[in-house]
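Student: Before I ask anything, here is the structure I am working with.
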Amino acid sequence: MYTHRVQYYETDQMGIVHHSNYIRWFEEARIDWMRHCGISYREMEKQGIIVPVLGVEATYRQMVHFDDLVDIKVTAAKYNGIVLEFCYEIYHQKDGKLCTTGKSRHCFLNKEAKPVSLKKENAVLHQKILTFIGKDVQDPDKKQDS
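For the sequence shown, the working numbering gives the first residue as 165, with consecutive numbering after it.
Structural data, given as structure tokens:
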């Protein structure tokens, strides 16, 4: 679970978080999720693998305001070796209510923008992703409720 505190600049004239910021939060949480899985965007790029976004969607259920804390649950939902889909759930930390859900789809490409099958070309990365499919990776430094 990734935690984000809403910044003033993320709000609009109505005092609520502007819809575009949720997509940024998805990215923050996704990269954090990958880091906890031992997957580094930086290392992938050094190896010549890029990971563009194919599509993203969000459904807004409840407003979020300046200085609110939200918890973002990230789950790698689908993976076929080339395309990886994440699901997101954003909850108000104060009351646990679900405020936003979303998805993003990504593919693995080489620097020439050709699809890369991780199963064939990077078995270590492929196995790491398979290990964490369907799991919300917790921050080992955060105290978990039992």
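Just so it is clear, CB atoms sit at the ideal spot from N, CA and C, and this is done for glycine as well.
Quick check on the burial criterion: 16 or more other C-beta atoms within 10 angstroms. Buried or exposed for S184?
Tutor: The residue you call residue 184 lines up with position 20 of the sequence shown. Exposed, because fewer than 16 other Cβ atoms sit within 10 Å of the Cβ of S184.
Student: Quick one: what's got a C-beta closer than 6 angstroms to E174's C-beta in the same chain, skipping five residues either side?
Tutor: Within the sequence shown, numbered from 1, the residue matching residue 174 stands at position 10. Closer than 6 angstroms at Cβ, skipping near neighbours: V181, N185.
Student: Kindly indicate which residue of V228, F272, L289, K275 has the alpha-carbon position closest to the one of L262.
Tutor: Position 98 of the sequence shown, counted from the start, is the residue given in the question as residue 262. When each option's Cα is compared against that of L262, the closest is V228.
Student: Grouping DSSP H, G and I as helix and E and B as strand, with all else coil, what is I246?
Tutor: Position 82 of the sequence shown, counted from the start, is the residue given in the question as residue 246. DSSP places I246 in coil when its eight states are reduced to three.
Student: For G298, which residues of its own chain have a beta-carbon under 8 angstroms away from its beta-carbon, when the five flanking residues on both sides are left out?
Tutor: In the sequence shown, the residue the question calls residue 298 occupies position 134. So the qualifying residues of the chain are T239, A240, A241.
Student: Decide if M178 is buried, meaning its Cβ has at least 16 other Cβ atoms within 10 Å, or exposed.
Tutor: To locate residue 178, count along the sequence shown from 1; it is residue 14. Counting Cβ neighbours within 10 Å, M178 comes out exposed, since fewer than 16 surround it.
Student: I'd like the list of long-range same chain contacts for N274, defined as Cβ closer than 6 angstroms, with 5 residues on each side in sequence excluded.
Tutor: Position 110 of the sequence shown, counting from 1, holds the residue named residue 274. The answer, listed in chain order, is G212, V280.
Student: Counting along the chain, where does the alpha helix (DSSP H) carrying H290 start and finish?
Tutor: Counting from 1 along the sequence shown, the entry for residue 290 is found at position 126. H290 -> alpha helix (DSSP H) spans 287 to 296.
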